[in-house]
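Q: Could you have a look at this structure, given as structure tokens, before my questions?
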Amino acid sequence: MKLKFWILDINYGLVGSIPEIRLWGIAEDGSRAVVLDRSFRPYFYLLVEEGREEDVKRTVEKYASKFRILKVEVVDKRYFGRPVKALKVTCQIPKDVPRIREEFARLPGVKDVLEADIRFYMRYMIDNDIYPSAWHEVEAEEVEKPAGWDVEKVYLAKRPPKFVTSDAPPPLLVYAFDIECYNKLGEPIAERDPVIIIASVTNKGDKAIFAAEDKNDRTIIQRFVEDLRRKNPDIVVGYNSNRFDWPYLITRARKNKVRLDVSRSGGAPAQSVYGHYSITGRANIDLYDFAEDIYEVKVRTLENVAEYLGVKSKNERVIIEGAYIYKYWDDPKLRPKLIEYAEDDVESTLGLAEKFIPFAIQLSSIVGLPLDQVGAASVGYRVEWHLMRQAFKFNELIPNRIERPYEKYKGAIVLKPKPGVHKNIAVLDFSSMYPNIMITKNISPDTYVPPYEDVPLDEVYVTPEVGHKFRKAPAGFYRRVLERLLEARKRIREKLRELNPESPEYVVLNERQKALKVIANATYGYCGWVGARWYKREVAEATTAWGRKFISETIRQARKIGLDVIYGDTDSVFVRYDKAKVEDLVKWVERELGLEIKIDKIYKKVFFTEAKKRYCGLLPDGRIDVVGLEAVRGDWSDLAKDVQEKVIEIILKEESPQKAIEYVNKVIEDLRKGNIPLHKLIIWKTITKRIEDYEVEAPHVAAAKILVQMGYQISKGEKIGYIVCKDGEKISERAKPYIIVNDYDEVDVEYYINNQIVPAALRILGYFGVKETQLVGKTPQKSLLEFFG
DNA sequence: GCCTTGAAGTTACCG
DNA sequence: ACCGGTAACTTCAAGGCG
Numbered sequence: 002m003k004l005k006f007w008i009l010d011i012n013y014g015l016v017g018s019i020p021e022i023r024l025w026g027i028a029e030d031g032s033r034a035v036v037l038d039r040s041f042r043p044y045f046y047l048l049v050e051e052g053r054e055e056d057v058k059r060t061v062e063k064y065a066s067k068f069r070i071l072k073v074e075v076v077d078k079r080y081f082g083r084p085v086k087a088l089k090v091t092c093q094i095p096k097d098v099p100r101i102r103e104e105f106a107r108l109p110g111v112k113d114v115l116e117a118d119i120r121f122y123m124r125y126m127i128d129n130d131i132y133p134s135a136w137h138e139v140e141a142e143e144v145e146k147p148a149g150w151d152v153e154k155v156y157l158a159k160r161p162p163k164f165v166t167s168d169a170p171p172p173l174l175v176y177a178f179d180i181e182c183y184n185k186l187g188e189p190i191a192e193r194d195p196v197i198i199i200a201s202v203t204n205k206g207d208k209a210i211f212a213a214e215d216k217n218d219r220t221i222i223q224r225f226v227e228d229l230r231r232k233n234p235d236i237v238v239g240y241n242s243n244r245f246d247w248p249y250l251i252t253r254a255r256k257n258k259v260r261l262d263v264s265r266s267g268g269a270p271a272q273s274v275y276g277h278y279s280i281t282g283r284a285n286i287d288l289y290d291f292a293e294d295i296y297e298v299k300v301r302t303l304e305n306v307a308e309y310l311g312v313k314s315k316n317e318r319v320i321i322e323g324a325y326i327y328k329y330w331d332d333p334k335l336r337p338k339l340i341e342y343a344e345d346d347v348e349s350t351l352g353l354a355e356k357f358i359p360f361a362i363q364l365s366s367i368v369g370l371p372l373d374q375v376g377a378a379s380v381g382y383r384v385e386w387h388l389m390r391q392a393f394k395f396n397e398l399i400p401n402r403i404e405r406p407y408e409k410y411k412g413a414i415v416l417k418p419k420p421g422v423h424k425n426i427a428v429l430d431f432s433s434m435y436p437n438i439m440i441t442k443n444i445s446p447d448t449y450v451p452p453y454e455d456v457p458l459d460e461v462y463v464t465p466e467v468g469h470k471f472r473k474a475p476a477g478f479y480r481r482v483l484e485r486l487l488e489a490r491k492r493i494r495e496k497l498r499e500l501n502p503e504s505p506e507y508v509v510l511n512e513r514q515k516a517l518k519v520i521a522n523a524t525y526g527y528c529g530w531v532g533a534r535w536y537k538r539e540v541a542e543a544t545t546a547w548g549r550k551f552i553s554e555t556i557r558q559a560r561k562i563g564l565d566v567i568y569g570d571t572d573s574v575f576v577r578y579d580k581a582k583v584e585d586l587v588k589w590v591e592r593e594l595g596l597e598i599k600i601d602k603i604y605k606k607v608f609f610t611e612a613k614k615r616y617c618g619l620l621p622d623g624r625i626d627v628v629g630l631e632a633v634r635g636d637w638s639d640l641a642k643d644v645q646e647k648v649i650e651i652i653l654k655e656e657s658p659q660k661a662i663e664y665v666n667k668v669i670e671d672l673r674k675g676n677i678p679l680h681k682l683i684i685w686k687t688i689t690k691r692i693e694d695y696e697v698e699a700p701h702v703a704a705a706k707i708l709v710q711m712g713y714q715i716s717k718g719e720k721i722g723y724i725v726c727k728d729g730e731k732i733s734e735r736a737k738p739y740i741i742v743n744d745y746d747e748v749d750v751e752y753y754i755n756n757q758i759v760p761a762a763l764r765i766l767g768y769f770g771v772k773e774t775q776l777v778g779k780t781p782q783k784s785l786l787e788f789f790g
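Written as structure tokens, this is what we have:
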């Protein structure tokens, strides 16, 4: 029979000594199904010295029975664009590959072992052009369902499924969950502290809250497992679940001797690649991975992200500080509040899932990583899997990941801005500048011509400044890959114009074009990453060099035709708007540089200081853009950010420095009176390394050390919120974690005036000649007090 | 020993 | 575990002064 199904998860198992690929998915009729394929075997390649193919082949064949090798064949492949003969070694058991790889790497005549580090199920998908999170068709027969599998049907494939479409996914059952733990000191420790609440809700509105019997969490873990298995979701989501909830539950389950069997094949979540947990047959997604990409939210707590996305307002929910959860648990009058809090959390989590999953699905089907891995994988790996897929299609061997030393190279140009307020300024942007440069100049590791190689100059593109040469033909790997991405995106965007933005089809396609853009834009960064399989410094270096040339020439041309250039950064040019001249420039760029440049926006007014990468502008609709300034940085207090934002608004809309001064005076007065909420004084900074590795005792490091003393475990990537208090010389001595600052009297008000409000306001007002003394107002200053005192 | 100064360390931003 | 360019803060140690 023929079956159309959507792939949700993939793994493999051994049936005797037969590796069996298991494609977990949803059939067209809505049934949950697994498609088994026993036809595929693991393999890898040996790159051998030229002419020794047959010789090495015979040697390898001698090991056939020892290593359960099925086949050795000489095949025609390409390696960095050059035709090569490689030995394809096919084995029986996937787990044997690492060992065989090591043995064969040592054989005489073997230069390299390639593609031996690609996981079996990924290999299967790549070779058969199968995409996760997409529809496929397969000729299959129904077989008996193994005991304990939570699916309706199991099929055995007659041949590998065929990709059909990555259009709208089937209705997917999403199960959001969240746990609360009991701990009095610092952070909960799984070995010691019980889980007290487990909350879950599905996208069908099916809610379940399990509360522990006092501090015994055995039953609720059991009930959670039952609940999850009974509801049998396709997707399980949490917030920070890969780093917290799952490892925590796994430890608690072990301690309680409870089985955490939530997968569709009856097992527990298993630690997998990219630091994620895999739940067989379902997609376990940690939404924090996607929240990380929302740069507008600086402190990415569940509450903050949910609020930003319009999922749940902070005003309409219970918020309990982690450190006080135990108090709410212990007090019978407060406990209902805690339950409510857990409910709000899990509802927010589900809300986030609805926002992120459509994008995740598209990203998954484009780069080819299973839905549960694609969020956990870093940008570099997402790009790389996309490239690996393409390499297979082009018959290119996939290079190994090797350790390389870091090499510096020059990046983009940033112009010095013209300081001041400028009116009617157009921002021109090159469309996808780096991808298009790589395409038009055919920049790729396989088209690179090293300096020692002679080649007629008319056959290569010679890079300005650095001189790297790349063949004009044939099309390089990066060109082919990027062209495909940009064309696909263009097609989708054209289609989107005809669709109703409310339609489900629009949503799917819009997420898809966003995912295509993300991958295309990240490909340049990938090629300059020393960890990349397709790393080539010259490739990255040539791309930025052409970029510098193009923007410089555009600026020169703009000036030549009389456009006033205010600023520029990498691929953008800010000019005083003159419709005719701008149109001329756009055409010139297209004609002379072969690239597209477009008006991105027109500012009614834009303000620059002397600093690069920092400005603010007023848009025609009255909105204000703030770029790079303190107001958009996460490491300034809300107090300072609010002040700067307001100052910017006054300057851009009313052009009145005097009014801005009065406003700042008022804020400082409020601060001195204690009329500013404490939370506005919190300064957030990330811990970027192990605490003991810091060379300098920065304020946030000092605050983190206090937290460690209190029993918190501070790990890399964590944000520390501190308030600067009185008593102490250095700021680091005065910085206290905000959770231990309860009284306004502790706050060092002078710090917030001199190091937060004043610099943030003066950044803007300084240009208008405003001095610090005018901002701090009539209240006598410290220096004067000292003088008279 | 105190104060100034600039380098170094650190973070977060822009495109 | 994508890139380089950039601003800005805080700490820290060297250098200057007396």
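Count along the first sequence from 1, then add 1; that gives the number in the numbering used here. Even glycine gets a Cβ: it sits at the ideal position worked out from N, Cα and C. Owing to the predicted nature of the structure, the values given are computational and were not obtained by experimental measurement.
So, helix, strand or coil for G10, using DSSP?
A: The sequence shown places Asp at residue 10, not Gly. Strand.
Q: What's the C-alpha gap between E719 and K63?
A: If you take the alpha carbons of E719 and K63, they lie about 54 Å apart.
Q: Helix, strand or coil, according to DSSP, for M389 in the structure here?
A: Note: M389 maps to helix in three-state DSSP.
Q: Quickly, what does DSSP pair A158 with across the bridge? List them, please.
A: A141.
Q: Taking A158 and V36 to be in contact with their CB atoms under 8 Å, please state how far apart those CB atoms are, rounded to whole angstroms.
A: Correct: roughly 5 Å between the Cβ atoms.
Q: For P699, collect the residues of the same chain with a Cβ closer than 7 Å to its Cβ; drop the 5 residues on either side in sequence, then sort them by chain order.
A: The sequence as given places Ala at residue 699; Pro does not occur at that position. These residues qualify, in order along the chain: S733.
Q: Counting C-beta neighbours from all protein chains within 10 Å, is the total for K686 16 or more, i.e. buried, or is it exposed?
A: It counts as buried.
Q: Considering only residues of the segment 723-775, which uninterrupted alpha helix (DSSP H) runs meet the minimum length of 4 residues and lie entirely inside it, listed in chain order?
A: For the segment 723-775, whole alpha helix (DSSP H) runs of length 4 or above, ordered along the chain, are 732-735 and 759-766.
Q: Runs of 4 residues minimum, wholly inside the segment 556-585: which ones carry the alpha helix (DSSP H) assignment?
A: With a minimum length of 4 residues, no continuous alpha helix (DSSP H) run stays inside the segment 556-585.
Q: How should I662 be labelled, buried or exposed, when 16 other C-beta atoms within 10 angstroms of its C-beta is the threshold for buried?
A: Buried.
Q: Exposed or buried, what is A106 when buried is set at 16 or more other beta-carbons lying within 10 Å of its beta-carbon?
A: Looking at its Cβ environment, which holds fewer than 16 other Cβ atoms inside 10 Å, A106 is exposed.
Q: With the cut-off set at 8 Å, would you say V237 and Y325 are in Cβ contact?
A: No.
Q: Looking only at its chain, what residues have a beta carbon closer than 8 Å to the beta carbon of E104, apart from the 5 residues adjacent to it on each side?
A: Here the set comprises Y64 and F68.
Q: Have a look at V139, D128 and T60 and flag the residue whose alpha-carbon is nearest the alpha-carbon of G110.
A: That would be T60, whose Cα lies nearest to the Cα of G110.
Q: Excluding the 5 residues preceding and the 5 following P781 in the sequence, name in chain order all residues of the same chain whose CB lies nearer than 6 Å to its CB.
A: Residue placement at P781 is poorly supported in this model, since its pLDDT is 43, which falls under 50; the coordinates still yield a value, given next. There are no such residues.
Q: For A762, which of E751, L776, Y752 and V750 has the nearest alpha-carbon?
A: Nearest C-alpha to A762: L776.
Q: Cα separation between L785 and N756?
A: Unreliable placement is indicated for L785, whose pLDDT of 35 sits below 50; the coordinate value is still reported in the next sentence. Looking at the two C-alpha atoms, the distance is approximately 18 Å.
Q: Take P20 and list the residues in its own chain whose beta-carbon comes closer than 6 Å to its own, dropping the five residues that flank it on each side.
A: Excluding residues within five positions, the ones whose Cβ falls inside 6 Å are Y13 and P95.
Q: Mind checking which residues open and close the beta strand (DSSP E) that includes I222?
A: Premise fails: I222 lies in the alpha helix (DSSP H), R219 to K232, not in any beta strand (DSSP E).
Q: Do D151 and N233 count as a contact pair if the criterion is CB distance below 8 Å?
A: Cβ distance < 8 Å, so N233 and D151 count as in contact.
Q: Determine, using beta carbons only, whether I221 and I199 come nearer to each other than 8 Å.
A: The answer is yes: Cβ separation under 8 Å.
Q: Helix, strand or coil for F471, going by three-state DSSP, please let me know.
A: Strand, per DSSP.
Q: Return the CA-CA distance between R472 and F291, expressed in angstroms with no decimal places.
A: For R472 and F291, the distance between alpha carbons rounds to 39 Å.
Q: On the DSSP bridge assignment, give the partners of K89 in chain order.
A: Looking at the DSSP assignment, K89 forms a beta bridge with Y46 and E74.
Q: Where does E488 fall in DSSP's three states?
A: The answer is helix: DSSP assigns E488 an H, G or I state.
Q: Within the same chain, show all residues whose beta-carbon is closer than 8 Å to that of Y695, passing over the 5 residues directly before and after it, in chain order.
A: Excluding residues within five positions, the ones whose Cβ falls inside 8 Å are V702.
Q: Let me make sure I understand the geometry here. Which of A135, P161 and N522 has the alpha-carbon closest to that of E142?
A: The option with the nearest alpha carbon to E142 is P161.
Q: Go through its chain and collect everything with a Cβ distance to V467's Cβ below 6 Å, but skip five positions before and after it.
A: E542 and A546.
Q: How big is the Cα-Cα spacing for K5 and A148?
A: Using only the alpha carbons, I get a separation of about 24 Å.
Q: Hey, could you find the ends of the alpha helix (DSSP H) W685 is sitting in?
A: Where W685 is concerned, there is no enclosing alpha helix (DSSP H), although the beta strand (DSSP E) it sits in stretches over I684 to T687.
Q: Quick check: what's the CA-CA separation for E751 versus L487?
A: Answer to the nearest angstrom: the Cα atoms are 53 Å apart.
Q: Give me, in chain order, the residues of the same chain whose beta-carbon lies closer than 8 Å to that of L335; leave out the 5 immediate sequence neighbours on both sides.
A: Cβ within range, chain order: K328 and Y329.
Q: Sorted by chain position, which residues of the same chain lie with C-beta nearer than 7 Å to Y44's C-beta, five sequence neighbours on each side aside?
A: Cβ neighbours of Y44 beyond the five flanking positions: K89, V90, T91 and C92.
Q: Can you tell me where the beta strand (DSSP E) with W25 in it begins and where it stops?
A: I19 to A28 is the span of the beta strand (DSSP E), which, as asked, contains W25.
Q: With three or more beta-carbon pairs closer than 8 Å as the criterion, would you say the segment 126-146 touches the segment 302-321?
A: Judged by Cβ distances under 8 Å, the segment 126-146 makes no contact with the segment 302-321, as fewer than three pairs qualify.
Q: Exposed or buried, what is H277 when buried is set at 16 or more other beta-carbons lying within 10 Å of its beta-carbon?
A: So H277 ends up on the buried side.
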